[in-house]
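Q: Protein chains in written order, with my numbering: chain A, -12 to 387; chain B, -12 to 387.
1. Check the Cβ of residue 31 of chain A against every Cβ in chain B and list those closer than 7 angstroms, keeping chain order.
2. Given a limit of 7 angstroms on CB to CB distance, which residues of the stretch 61 to 94 of chain B reach chain A?
3. Using the beta-carbon count (16 or more within 10 Å), is residue 176 of chain B buried or exposed?
4. For a contact defined as C-beta to C-beta under 9 angstroms, what are the partners of residue 34 of chain B on chain A?
5. What is the rounded straight-line gap between the Cα of residue 109 of chain B and the Cα of residue 348 of chain A?
6. If you measure from the beta carbon of residue 310 of chain B to each beta carbon in chain A, is any gap under 8 angstroms?
7. Are the CB atoms of residue 222 of chain B and residue 239 of chain B nearer to each other than 8 angstroms?
8. For chain A, find out if any of its Cβ atoms is closer than 8 angstroms to the Cβ of residue 103 of chain B; answer yes or no.
9. Let me make sure I understand the geometry here. Which of B:62, B:135 and B:352 has the alpha-carbon closest to that of residue 90 of chain B?
10. Grab me the residues of residue 322 of chain B's own chain with a C-beta within less than 7 angstroms of its C-beta, minus the 5 sequence neighbours each way, in chain order.
11. Between residue 358 of chain B and residue 384 of chain B, is the Cβ-Cβ spacing less than 8 angstroms?
12. Enumerated in chain order, which unbroken segments of the beta strand (DSSP E) with a length of 3 residues or greater are wholly contained in the stretch 26 to 85 of chain A?
13. For residue 327 of chain A, which of helix, strand or coil comes out of DSSP?
14. Quick one: what's residue 6 of chain A bridged to in DSSP?
15. Determine whether the beta carbon atoms of residue 287 of chain A and residue 197 of chain A lie at a separation below 8 angstroms.
16. Count the CB pairs spanning the stretch 113 to 130 of chain B and the stretch 359 to 368 of chain A that are closer than 8 angstroms, and state whether there are at least three.
17. Please return the same chain residues whose Cβ sits closer than 6 angstroms to the Cβ of residue -4 of chain B, not counting the five positions on each side in sequence.
18. Using a Cβ cut-off of 8 angstroms (strictly closer), state whether residue 326 of chain A contacts chain B.
19. Smallest Cα separation from residue 61 of chain A: which of A:29, A:146, A:373 and A:32?
20. Who does residue 207 of chain B pair with in a DSSP beta bridge?
21. Please report the distance separating the alpha-carbon of residue 292 of chain B from that of residue 314 of chain B.
22. Hey, which unbroken runs of the beta strand (DSSP E) at 3 residues or more fall wholly within the stretch 131 to 171 of chain A?
23. Just verifying my parser: in three-state terms, what is the DSSP assignment at residue 340 of chain A?
24. My assumption, with CB atoms under 8 angstroms, is that residue 30 of chain B sits in contact with residue 49 of chain B. Please give the rounded CB distance.
25. Counting only C-beta atoms, is residue 330 of chain A closer than 8 angstroms to chain B at any point?
26. In chain B, what lies closer than 7 angstroms to residue 149 of chain A by C-beta?
27. Taking all protein chains shown into account, do 16 or more other C-beta atoms lie within 10 angstroms of the C-beta of residue 104 of chain A, making it buried, or fewer, making it exposed?
28. So which of B:280, B:-12, B:-11 and B:5 has the shortest CA-CA distance to residue 372 of chain B?
29. CA-CA distance, residue 275 of chain A and residue 2 of chain A?
30. Could you round the C-beta distance between residue 253 of chain B and residue 217 of chain B to whole angstroms and report it? I think they count as a contact, below 8 angstroms.
31. Shorter than 7 angstroms, the distance from the beta carbon of residue 27 of chain A to the closest heavy atom of the ligand SAM, or not?
32. Identify, in the order they occur along the chain, each residue of the same chain with its Cβ nearer than 8 angstroms to the Cβ of residue 236 of chain A, setting aside the five sequence neighbours on each side.
33. Express the C-alpha separation of residue 354 of chain B and residue 285 of chain B in angstroms, rounding to a whole number.
34. Go ahead and pull the three-state DSSP assignment for residue 375 of chain B.
35. Using 8 angstroms as the limit for Cβ to Cβ distance, is residue 137 of chain A near chain B?
36. Quick one: which chain A residues come within Cβ less than 7 angstroms of residue 38 of chain B?
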């Protein structure tokens, strides 16, 4: 770990067991934690203008290095003055490294689809060549050969000008065996060093860098990885890679991994953001969580709701909402819930109207904001476990 | 014409040649005219929440009887308390009769596509049987047989609870000959009587009814139709049917038809709303104009701009905007223009992001609002022809 308040400063506020509140200070303002990070995969949060995302209360969004590398390309974004300026976002930005997407193309197993593309592989084929140097692959846009290495990833993220860059790592799939995972984790550590070297030499002086802890489902590998990353000059840590094949295994891997990380570091759980998983992460002392689910669900007419039995999902495309005059979720302060009923929202979703996608995105992001806001208040009041239990039992976050 | 201020009252304000300002008072508030009417085809203005449309300054929107009849159906909307309440719109609503869409299915010629469906005919075939009684056709949604007659159209519009209903007419295609047009226009007049009879007996007491003047491109038929409609107990008039095969013929047909209508009536030019055509209609004393173009263009990345040479269209999907740091339209007060540049908007459009569609819808509706607002101010200042000439020469509406 390094400590450079010019890049990033993390203050821990209240503590409640391992859970804590905090503030991450970045070059583009503070982030109150625990926080959910909406995805601005391709330079916009689905259907929302940047100023609207800020009005919702979000202080940090995630731009996707792989997608922005493919199109419109780092040169064009740099020419616009960086991603903040390109998309008109004035608050903090984190960028992933592109590793997840590239290795999803290669392994296929981690995610069924390349996040954000909506189809796996892309029309120009998905062959990826991985070597010590980096990963070579074909652009899903035009078939052109592209190459991402630790240095290229950091260079692209420098061009994007994010406040927090993530190092380039190999995201091992859940079907990888111990031997593959061990070799891959070691390479990820060598890539970590190359990322930091490049960044130290050529990175933006105010850009923080988070290292990524890999090691799959293996405790000793996770321990080695946590030590290697914590020993490096990173400004924070992220937990990446496979977390197992189901929620139980994920909870176990996280419970084993989280205590291995330095308490004082801001911690990012990569790609996880379902209601129960996020609360589980907060309980373990993790601070920020990005996830495509809240915005991706909206595209399919699915809204977040306080119903554990359906994994907090309410499918508006079902026929059962016809004539239902109740709001999507009683008490929710979002525009979909305060101005419309389930009958209309369900009709709009089935009619595939853009207005439906937008209203559900707004709802889902308000829901996630309320969930983390409630968690922060509960931690400050030393009642986080009661809050978590209430939400897991089906209470909406604003009254849990 | 009838005069019933409970239903509708039209006050003419300033006059400048045939052009005039006015106020249409409806059961859901006033509409300052000349006005552009955004389409809420299927119960939402593309990508916008109803409250946003009101915030843009619009006082009247158009719901589509054909589409809402097919889905979700008048019963469901009536059960919600009518279309205002179903979609959360508190201002005035006009509904078309469904005739245009049904006869587009039959004739194919008026519009290349059924408005709002994006494809002609629909997957279940487009056969329409037209008889004196009405039109029988298959639902494009599920193939079920549907029937619209003058009475059914008025009944559906009564269920929708619009402030202004349009009578059911046959919209003759531009390739119809004089004989067909003459017979069709006479039937439209018989249908007018049936609409008014039904409405008189069973229509909502505060719903106004506009008659539709047909007659194709034939002056004598237009004259007969204008007389027939003006003699009926309607609250206003609309000009429908083919207006010719190009803009020149349309201008000639309108110039010949408009003076045939009673001066004191509020007048709706159906389906016309391109910048030059709308100004031409205002010059002839027409008051309200609905058109799919501003919202439909947005779906294809096309924004309105002060460029007569491209028919006021700026195609953001073209490559030439890469790196262009100017706003979409200099001086435009919309969020797309005040917060973003052409480079970013062009990128978003090419990436087919919902945010692009929404930003361009907002821009195009602000542009149309500014165009009619400028026209009203110019008429009040007795300089409408100077305003029109400036806009036609390429001035933006806010400085013409």
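Using N, Cα and C, we set each Cβ at its ideal position, and we do this for glycine too.
A: Quick look at the numbers:
1. The count along the first chain starts at 1 and reaches residue 31 of chain A at position 44. What residue 31 of chain A touches in chain B: 335, 340 and 342.
2. 63, 66, 67, 73, 74 and 75
3. Taking the second chain and counting its residues from 1, one reaches residue 176 of chain B at position 189. It counts as buried.
4. On the second chain, residue 34 of chain B is found 47 positions in, with the first residue counted as 1. Neighbours of residue 34 of chain B on chain A, chain order: 34, 340, 341, 342, 344 and 345.
5. Locating residue 109 of chain B in the second chain gives position 122, where the first residue counts as 1. Locating residue 348 of chain A in the first chain gives position 361, where the first residue counts as 1. With a pLDDT of 42 at residue 109 of chain B, under the threshold of 50, the modelled position of that residue is not reliable, and the figure given next carries that caveat. So the alpha carbons of these two residues sit roughly 30 angstroms apart.
6. In the second chain, residue 310 of chain B corresponds to position 323, counting from 1. Interface residue, yes.
7. For the purposes of this step, residue 222 of chain B is identified with residue 235 of the second chain, where counting begins at 1. For the purposes of this step, residue 239 of chain B is identified with residue 252 of the second chain, where counting begins at 1. No, Cβ-Cβ distance for residue 222 of chain B and residue 239 of chain B is not below 8 angstroms.
8. By one-based count along the second chain, residue 103 of chain B stands at place 116. Summary for residue 103 of chain B: the model assigns pLDDT 37, below 50, so the residue's position carries little reliability; its value from the coordinates is reported in the next sentence. Chain A, which has no Cβ nearer than 8 angstroms to the Cβ of residue 103 of chain B, makes this no.
9. As a first step, residue 90 of chain B is located in the second chain; it is residue number 103 there, counting from the start. Residue 90 of chain B has its Cα closest to that of B:135, out of B:62, B:135 and B:352.
10. Within the second chain, the letter at position 335 stands for residue 322 of chain B. Here the set comprises 346 and 349.
11. Here residue 358 of chain B refers to the residue found at position 371 of the second chain. Here residue 384 of chain B refers to the residue found at position 397 of the second chain. A contact, by the Cβ cut-off of 8 angstroms.
12. 47 to 50 and 79 to 82
13. Residue numbering aside, residue 327 of chain A sits at position 340 when the first chain is read from its first letter. Coil, per DSSP.
14. Counting from one through the first chain, the residue named residue 6 of chain A turns up at place 19. According to DSSP, residue 6 of chain A bridges with A:3.
15. If you number the first chain from 1, residue 287 of chain A lands on position 300. If you number the first chain from 1, residue 197 of chain A lands on position 210. Going by C-beta atoms, residue 287 of chain A is not nearer than 8 angstroms to residue 197 of chain A.
16. no
17. Position 9 of the second chain, counted from the first residue, corresponds to residue -4 of chain B. Answer for residue -4 of chain B: 12, listed in chain order.
18. For the purposes of this step, residue 326 of chain A is taken as the residue at position 339 of the first chain. It does; some Cβ of chain B falls within 8 angstroms.
19. Position 74 of the first chain holds residue 61 of chain A. Closest option to residue 61 of chain A, Cα to Cα, is A:146.
20. Taking the first residue of the second chain as 1, we reach residue 207 of chain B at position 220. Looking at the DSSP assignment, residue 207 of chain B forms no beta bridge with any residue, so it has no partner.
21. Counting from 1 along the second chain, the entry for residue 292 of chain B is found at position 305. Counting from 1 along the second chain, the entry for residue 314 of chain B is found at position 327. For residue 292 of chain B and residue 314 of chain B, the distance between alpha carbons rounds to 11 angstroms.
22. 132 to 135 and 151 to 153
23. The residue labelled residue 340 of chain A in the question sits at position 353 within the first chain. In this structure, residue 340 of chain A counts as coil in the three-state DSSP scheme.
24. Along the second chain, one-based indexing puts residue 30 of chain B at 43. Along the second chain, one-based indexing puts residue 49 of chain B at 62. Not quite, the Cβ-Cβ distance comes to about 11 angstroms (not below 8 angstroms), so this is no contact.
25. Within the first chain, the letter at position 343 stands for residue 330 of chain A. Output row for residue 330 of chain A: interface = yes.
26. For the purposes of this step, residue 149 of chain A is taken as the residue at position 162 of the first chain. Neighbours of residue 149 of chain A on chain B: none; closest Cβ ~17 angstroms, over 7 angstroms.
27. Walking along the first chain from the start, residue 104 of chain A turns up at place 117. At residue 104 of chain A, the pLDDT of 39 sits below 50, so the modelled position is not reliable and the matter cannot be decided from this model.
28. In the second chain, residue 372 of chain B corresponds to position 385, counting from 1. Answer by Cα proximity: B:5.
29. Here residue 275 of chain A corresponds to residue number 288 of the first chain, with the count starting at 1. Here residue 2 of chain A corresponds to residue number 15 of the first chain, with the count starting at 1. Looking at the two C-alpha atoms, the distance is approximately 16 angstroms.
30. What you label residue 253 of chain B is simply residue 266 of the second chain in a count that begins at 1. What you label residue 217 of chain B is simply residue 230 of the second chain in a count that begins at 1. Their Cβ separation, rounded to whole angstroms, is 13 angstroms, which puts residue 253 of chain B and residue 217 of chain B out of contact at 8 angstroms.
31. Looking at this structure, you won't find the ligand SAM or any other ligand, since it has none at all.
32. Residue numbering aside, residue 236 of chain A sits at position 249 when the first chain is read from its first letter. So the list reads 204 and 230, once near-sequence residues are dropped.
33. In the second chain, residue 285 of chain B corresponds to position 298, counting from 1. In the second chain, residue 354 of chain B corresponds to position 367, counting from 1. Distance between the alpha carbons of residue 285 of chain B and residue 354 of chain B is about 12 angstroms.
34. Translated into the one-based positions of the second chain, residue 375 of chain B becomes position 388. Three-state result, residue 375 of chain B: helix.
35. Position 150 of the first chain, counted from the start, is the residue given in the question as residue 137 of chain A. Taking Cβ atoms only, chain B never reaches closer than 8 angstroms to residue 137 of chain A, which makes this a no.
36. Position 51 of the second chain, counted from the start, is the residue given in the question as residue 38 of chain B. Going along chain A in sequence order, the residues near residue 38 of chain B (Cβ under 7 angstroms) are 326.
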